[in-house]
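Have a look at the structure below, then the notes.
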DNA sequence: CTGAAAGCGCTTACAG
DNA sequence: CTGAAAGCGCTTACAG
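Residue numbers (my numbering), protein chains in the order written: chain A, 7 to 356; chain B, 7 to 356.
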């Protein structure tokens, strides 16, 4: 196959020739390094601008230098969560003059592969792992030479090679306690939790703290139901769940808002009054959840992204000593009380 | 700054040494090219597997060869549209054994910059431009050496340098005609269209075909209202719009479903019955639109992504002559009739 | 301050 | 079939 002659854009050598200097000088100017006479520096800068010259990231990357590109690895695009956190990361990355590159990798094998593509290919200065599959922690991280920040996940073993990674996590425990307290305050005593996929860190943690929070109060029955991962699955799971149990639950807490929608649909089909007979709550506060008046937990998705990018930059440029800000952040979520759980007299809706 | 000694992973030269051959042979094996003795080929393959060797995309890219990476440029992550189309692209790209890299670039300048990062950096074999700002067509495309496929956009001038680009567009005209016909069938005669951002191709086109479709029937008043780009803006725009007009509209068509939610909220605050007084329709069929029972237009987002990736591969590998499939595709959308527009007796909801 | 040279990891004519 | 060599675009010791 003959190689198509490529419309070559200008490169360092040409800039050097045009300015009557050398590649070295041009490179130093590009990076704002000393060692170039002021007049020559000005001349080179002029030529660079005149030709809209942008140094190739490839050459730079191959050489092992900074690329000005930050990688983000995510599993799914389906949820608003991924999209919104990426937006937060990108905000902050752009503010620093860098660019974001995202890759999608649902399964653990693809995840590892994409990670290698990004990192060992030296495309990027660092990587944000966004809600990685929990199996990721079985792989060592230290053989990789680029900084890593975890988003919505934490290594199980603090002593592992992962301890060098930064992290931004959600305080699931506090939020779940608030949620459970609210449901109990509404008079609910038989709680069901429709849990999410088991290979997601937040899902695991929420399931656990749900049971813990419910166990703190006497006379409360709490159980976890698996399999309702999507809205469609939730419909049939709720149907099955309610027909199988003698004693109906009086509250169903869902791992996300879409599942809550499926739950509401099933209850509507069964003619079960919400919230009178069964209270329903979701998680995430997706767009539309307020319009549907579903009680939920609001996630600070944008801030999660900002923090992740901030920490990554801190690791990427250790030069900026200054006031070292934390590399591990835990963010609070906020309970949004709406119609689907308010059973008491005081239905205060601001 | 001293360079941290990087944990070098194995490279072509090492594989060559280990197998007792040369870089050339290894490279040929990697690419399944002829010119290597069967036994040597087997030996090299064995070593490659044993060391989990993955050739660096950088070296390959720098040399101008295929990288197995497809670039996607998008403006926003906010809407489900972007996320879902990317998912479709990624599906198809993975099926071909390649990987997807996405970049976000809201404004035209960032868009151009990211495009150059992707293409002139030779990171990618080709690029999908997802709902680009319409200003993009002012920039020539032929100086770039990588294939391009447009998603949800078409160059205004078929004779421009853009004619080499593939495209997947939505048939806005047909869908809009169906929507307007449906509203007229429901007895509506005074239509308002809440239009989207003017630098988006689909928004421009839908605005135009809305007026065309309404003009086809006598006795129909149709007007376009600008500024209701988001759900929040929609609330105040609808308030303003209804207080300003003597004759109220009897149907409000919104450029997307979130805006329709804002519209419904405003009407609810004004105690205006939907659909009896005013019918409301959205566009996109986002998750939750069915639960809210909003009439809308469903977009084949996943298929849009599949098609874009298919066309791009066709351009990337012109070798696969076979049956050349089309490089320009127009996809149909489907009208979803729901509660917010059904004013006639026959309220058939399947 | 200045620039020639080596090298990052690959692929591809080219000569043997 | 086989391998040495050049080169993609950059950065960085190194010598002047």
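Just so it is clear, CB atoms sit at the ideal spot from N, CA and C, and this is done for glycine as well.
Nearest-angstrom Cβ-Cβ length linking residue i and residue j, presumed shorter than 8 Å
i              : j              : result
residue 173(B) : residue 334(B) : 5 Å
residue 91(A)  : residue 130(A) : About 17 Å separates the two Cβ atoms, so there is no contact after all.
residue 293(B) : residue 86(B)  : 7 Å
residue 237(B) : residue 301(B) : Their Cβ separation, rounded to whole angstroms, is 17 Å, which puts residue 237(B) and residue 301(B) out of contact at 8 Å.
residue 209(B) : residue 202(B) : 4 Å
residue 21(B)  : residue 63(B)  : 16 Å between Cβ atoms; not a contact.
Residues near residue i by beta carbon distance below 6 Å, same chain, minus five either side
i              : result
residue 16(A)  : 57, 59
residue 107(A) : 75, 77
residue 243(A) : 233, 234
residue 36(A)  : 61
Counted within 10 angstroms of its Cβ, other Cβ atoms place residue i as buried (16 or more) or exposed
i              : result
residue 43(A)  : exposed
residue 311(A) : buried
residue 103(A) : exposed
residue 25(A)  : buried
residue 213(B) : buried
residue 232(A) : exposed
residue 170(B) : exposed
residue 297(B) : buried
residue 27(B)  : buried
residue 225(B) : exposed
residue 221(B) : exposed
residue 211(B) : buried
residue 299(B) : exposed
C-alpha gap between residue i and residue j, whole angstroms
i              : j              : result
residue 117(A) : residue 206(A) : 13 Å
residue 254(A) : residue 245(B) : 44 Å
residue 336(A) : residue 97(B)  : 33 Å
residue 260(A) : residue 276(B) : 33 Å
residue 266(A) : residue 39(B)  : 54 Å
residue 122(B) : residue 30(A)  : 24 Å
residue 187(B) : residue 227(B) : 14 Å
residue 183(B) : residue 305(B) : 15 Å
residue 286(A) : residue 264(A) : 12 Å
residue 322(B) : residue 269(A) : 46 Å
residue 317(A) : residue 158(A) : 14 Å
residue 341(A) : residue 303(A) : 5 Å
residue 248(A) : residue 332(A) : 46 Å
residue 13(B)  : residue 154(A) : Interpretation of residue 13(B) is limited by its pLDDT of 42, a score under 50 that renders its predicted location unreliable; the figure taken from the coordinates is listed afterwards. Taking the straight line from one Cα to the other gives about 15 Å.
residue 132(B) : residue 185(A) : 48 Å
residue 348(B) : residue 273(B) : 16 Å
residue 258(A) : residue 230(A) : 10 Å
residue 353(A) : residue 189(A) : In this prediction, residue 353(A) has a pLDDT of 47, which is less than 50 and means its spatial position is unreliable; nothing more can be read from the coordinates.
As assigned by DSSP and simplified to three states, the class of residue i
i              : result
residue 305(A) : coil
residue 227(A) : strand
residue 133(A) : strand
residue 194(B) : coil
residue 236(B) : coil
residue 139(B) : strand
residue 258(B) : strand
residue 76(B)  : strand
residue 348(B) : coil
residue 110(A) : strand
residue 172(B) : strand
residue 159(A) : coil
residue 58(B)  : coil
residue 336(A) : strand
residue 31(A)  : helix
residue 13(B)  : Low confidence applies here, because residue 13(B) scores a pLDDT of 42, under 50, leaving its location unreliable and the question unanswered by this model.
residue 206(A) : strand
residue 298(B) : coil
residue 353(A) : In this prediction, residue 353(A) scores a pLDDT of 47, lower than 50, which makes its location untrustworthy; the coordinate-derived value is nonetheless stated afterwards. Coil.
Beta-carbon proximity list for residue i, same chain, < 8 Å, skipping 5 on both sides
i              : result
residue 160(A) : 173, 175, 207
residue 82(A)  : 88, 110, 112
residue 141(A) : 114, 205
residue 308(A) : 90, 91, 93, 94, 97
residue 350(A) : 191, 192, 193
residue 105(A) : 74, 75, 76, 99
residue 139(A) : 81, 113, 114, 117, 205, 206
Nonlocal neighbours in the same chain, by C-beta distance under 7 Å from residue i, ignoring five residues either side
i              : result
residue 33(A)  : 18
residue 338(B) : 177, 180
residue 319(A) : 102
residue 49(A)  : 25
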